[in-house]
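Residue numbering for the sequence shown follows my numbering, starting at 701 and increasing by one per position.
Note that the Cβ used here is the ideal one computed from N, Cα and C, for glycine as well.
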Amino acid sequence: MPKRGKKYLNARSKLETADGAEFSDYVKKVIDASFVRFDESVDIAVRLGVDPRHAEQMVRGTVVLPNGIGKDVTVIVFAKGDKEKEALEAGADYVGHIELIDKIKEGWFQFDKAVATPDVMGLVGKIGRLLGPRGLMPNAKTGTVTFDVAKAVEELKAGKIDFRVEKTGIVHATMGKVSFGVEKLVENMMAFLEVIVRLKPAVSKGVYIKGLAISTTMGPGVRIDTNSVRELMK
Numbered sequence: 701m702p703k704r705g706k707k708y709l710n711a712r713s714k715l716e717t718a719d720g721a722e723f724s725d726y727v728k729k730v731i732d733a734s735f736v737r738f739d740e741s742v743d744i745a746v747r748l749g750v751d752p753r754h755a756e757q758m759v760r761g762t763v764v765l766p767n768g769i770g771k772d773v774t775v776i777v778f779a780k781g782d783k784e785k786e787a788l789e790a791g792a793d794y795v796g797h798i799e800l801i802d803k804i805k806e807g808w809f810q811f812d813k814a815v816a817t818p819d820v821m822g823l824v825g826k827i828g829r830l831l832g833p834r835g836l837m838p839n840a841k842t843g844t845v846t847f848d849v850a851k852a853v854e855e856l857k858a859g860k861i862d863f864r865v866e867k868t869g870i871v872h873a874t875m876g877k878v879s880f881g882v883e884k885l886v887e888n889m890m891a892f893l894e895v896i897v898r899l900k901p902a903v904s905k906g907v908y909i910k911g912l913a914i915s916t917t918m919g920p921g922v923r924i925d926t927n928s929v930r931e932l933m934k
């Protein structure tokens, strides 16, 4: 286990008193424990009572966080014809198809999200080995392969995130920045958790949300009493 610095240990000591608090109190303590000079991201980890090795227990989805994630999202759109204009008017940063694909083949990856219309996916698929490992491949399941490019771009710019349960049964996601404050972070987390609950597989038995923790980029994590989540989501 790596040796921790005094600031980290001091931050962790502030969180030890958080057990049994209300949900918003946990968020406040994590924010107050931030000890670095930059605006840290606040992340959430949810341990689910599912076995992702079985397809029917896979939990995957998207959510538009009401307060965004606290960063400008660079969006590219693979499209042609009128859809190029539609994408640009919606706020896409780069639009095209063959020229964008060639640029990516040359090693350009200065974007965060990619959208594609179905009619150009045949071309985009040729760079799947470049986009896939980086989590940038457009996918119909996350709404990024669509002819409604305006909606897709607007949602991504507004803070839409996609998530997928890991093989350990845990879902990780960024909920915003420390500077958001308690209220906005709680709103984002509730929106995220509501989608998680809605996606509960029919075959999942017993306790679904088995564990919950939040942390900042550099700070220690704090486990949250899941009862506080159930009360907020009634």
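Given residue i as reference, the closest of the options once Cα atoms are compared
i: I909; options: F738, G768, R747; result: R747
i: L893; options: E722, K851, I744, T774; result: I744
i: E799; options: A721, E784, A790; result: E784
i: K771; options: L856, D802, K851; result: L856
i: F880; options: D862, G869, L836, L765; result: L765
i: L788; options: D848, I801, N888, T842; result: D848
i: V907; options: A873, G869, N888; result: G869
i: M758; options: P920, K841, P818; result: K841
i: N888; options: R898, L899, A873; result: A873
Own chain residues within Cβ distance below 8 Å of residue i, not counting five before or after
i: K805; result: I827, L830
i: R753; result: K867
i: V882; result: S724, V727, K728, I731
i: A721; result: K729, D925, S928
i: I801; result: F778, L823, V824, K826, I827
Integer-rounded CB distance, given that residue j should sit under 8 Å from residue i
i: P901; j: V750; result: 6 Å
i: V742; j: M875; result: 5 Å
i: P838; j: A816; result: 4 Å
i: A979; j: A790; result: The structure shown does not extend to residue 979, since the chain is modelled only from 701 to 934, so the question has no answer here.
Cβ pair residue i, residue j closer than 8 Å
i: V853; j: A792; result: yes
i: V922; j: K729; result: yes
i: V773; j: K813; result: yes
i: E740; j: T916; result: yes
i: K780; j: V824; result: no
i: V795; j: M918; result: no
i: I896; j: Y726; result: no
i: V845; j: F811; result: no
i: I769; j: I914; result: no
Contact set for residue i: own chain, Cβ-Cβ below 6 Å, skip 5 residues either direction
i: R760; result: R864
i: V871; result: V746, F863, V865
i: M701; result: A caution first: M701 carries a pLDDT of 48, below 50, which makes its placement in the model unreliable, though a value can still be read off. Once the five neighbours on either side are set aside, M701 has no close Cβ partner at all.
i: T926; result: I909, L912
i: L836; result: A814
i: K803; result: none
i: L899; result: V759, G761
i: F738; result: none
i: K905; result: none
beta-carbon residue i near the ligand SAM non-hydrogen atom, thresh 7 Å
i: R747; result: This structure lacks the ligand SAM; in fact it carries no ligand of any kind.
Residues near residue i in its chain [Cβ-Cβ closer than 7 Å; skip 5 each side]
i: H797; result: F778, A779, K780, V820, L823
i: K884; result: N767, G876
i: E756; result: P901, V903
i: W808; result: none
i: A858; result: V764, G768
i: P646; result: In the structure as shown, the chain begins at 701 and stops at 934. Residue 646 is therefore absent and cannot be evaluated.
i: D782; result: none
is_contact[residue i, chain B] using C-beta, thresh 8 Å
i: V763; result: Structure shown: chain B not included; a single protein chain is present.
Which runs of the beta strand (DSSP E), 3 residues or longer, sit entirely within the segment 827 to 905? 860 to 864, 870 to 877
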